[in-house]
Amino acid sequence: MSFNESNTVEAYVRDLLAGPIKAVPANTLQEPKASYGPSPKGIGWRYEAPSEVPRQIQEVLVEPWLRDALIRLNPEIAAQPDRADE
Numbered sequence: 004m005s006f007n008e009s010n011t012v013e014a015y016v017r018d019l020l021a022g023p024i025k026a027v028p029a030n031t032l033q034e035p036k037a038s039y040g041p042s043p044k045g046i047g048w049r050y051e052a053p054s055e056v057p058r059q060i061q062e063v064l065v066e067p068w069l070r071d072a073l074i075r076l077n078p079e080i081a082a083q084p085d086r087a088d089e
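Numbering-wise (our numbering), the sequence shown opens with residue 4 and increments by one.
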């Protein structure tokens with residue numbers, strides 16, 4: 004196996020933030036694995052496969068996700084959601 008950024012740095016950071024990507028189908032029964040060290044669910048981030056991200060490759064942000072996050076995190080914007088568009 005050759006080492007590159009994708010299988011070392013990128014995978015490590017993704018697993019740290021969102022937990023390891025499941026290689027087993029969701030409908031497969033498994034015993035829970037013992038967890039030592041970092042949480043198997045990461046620190047609360049959710050991984051989305053590139054094909055699931057609703058944006059063009061040249062776009063930096065997913066504007067609907069940004070708008071939803073601004074409304075969720077900022078009480079003043081939550082009171083008037085139109086402010087998220089400014």
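Note that CB positions come from ideal geometry on N, CA and C, so glycine has one too.
Residue range of the unbroken alpha helix (DSSP H) whose run includes residue i
i: residue 17; result: 14-21
i: residue 64; result: Here residue 64 belongs to no alpha helix (DSSP H), and DSSP marks it neither H nor E.
i: residue 80; result: 78-82
Between the CA atoms of residue j and residue i - distance to the nearest angstrom
i: residue 60; j: residue 79; result: 32 Å
i: residue 64; j: residue 83; result: 22 Å
i: residue 19; j: residue 55; result: 20 Å
i: residue 11; j: residue 76; result: 32 Å
i: residue 5; j: residue 86; result: 48 Å
i: residue 73; j: residue 66; result: 10 Å
i: residue 57; j: residue 9; result: 22 Å
i: residue 44; j: residue 62; result: 28 Å
i: residue 13; j: residue 7; result: 9 Å
Own chain residues within Cβ distance below 7 Å of residue i, not counting five before or after
i: residue 50; result: 17, 21 and 24
i: residue 48; result: 20 and 21
Nearest neighbour of residue i, chosen from the options [CA to CA]
i: residue 88; options: 63, 70 and 53; result: 70
i: residue 46; options: 8, 66, 15 and 81; result: 15
Sequence-distant residues of its chain with Cβ nearer than 6 Å to residue i (five each side left out)
i: residue 81; result: 74
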